[in-house]
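Chemist:
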Amino acid sequence: MRRNPFGWMSRWADWFEQRGVYVPGEDNHTVDPWRDFGWLIVVWVLAVGGFILFFALAT
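Residues 349 to 407 (the numbering used here) are what the sequence shown spells out, left to right.
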């Protein structure tokens, strides 16, 4: 089985879409961080991980 980061991102996208996607103008629900800001959270985690990995390999 091959490890493909693009496959992981695709599965993450499918997971977020199955959980629901924020629709602008739909203000009758409570704020759910994973539903409303899921992609932002994932991008932030990947950026922090890449930052740490970069400096770990640079030393």
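Ideal Cβ positions, reconstructed from N, Cα and C, are used throughout, including at glycine.
Does Gly-355 pass the burial test, meaning 16 or more other C-beta atoms within 10 Å, or should it be called exposed?
Modeler: Burial call: exposed.
Chemist: Considering only C-alpha positions, which residue in the set Leu-388, Trp-382, Phe-403 and Pro-353 is nearest to Gln-366?
Modeler: Considering only alpha carbons, the answer is Trp-382.
Chemist: So Trp-360 and Val-391 are supposed to be a Cβ contact under 8 Å. How far apart are they, rounded?
Modeler: Not really, about 10 Å apart at Cβ, beyond 8 Å.
Chemist: With distances taken between CB atoms, is the gap from Phe-364 to Gly-386 smaller than 9 Å?
Modeler: In contact: Phe-364 and Gly-386 (Cβ atoms closer than 9 Å).
Chemist: Leaving aside the five residues before and after Ser-358 along the sequence, list all residues of the same chain whose C-beta is less than 6 Å from its C-beta, in chain order.
Modeler: Once the five neighbours on either side are set aside, Ser-358 has no close Cβ partner at all.
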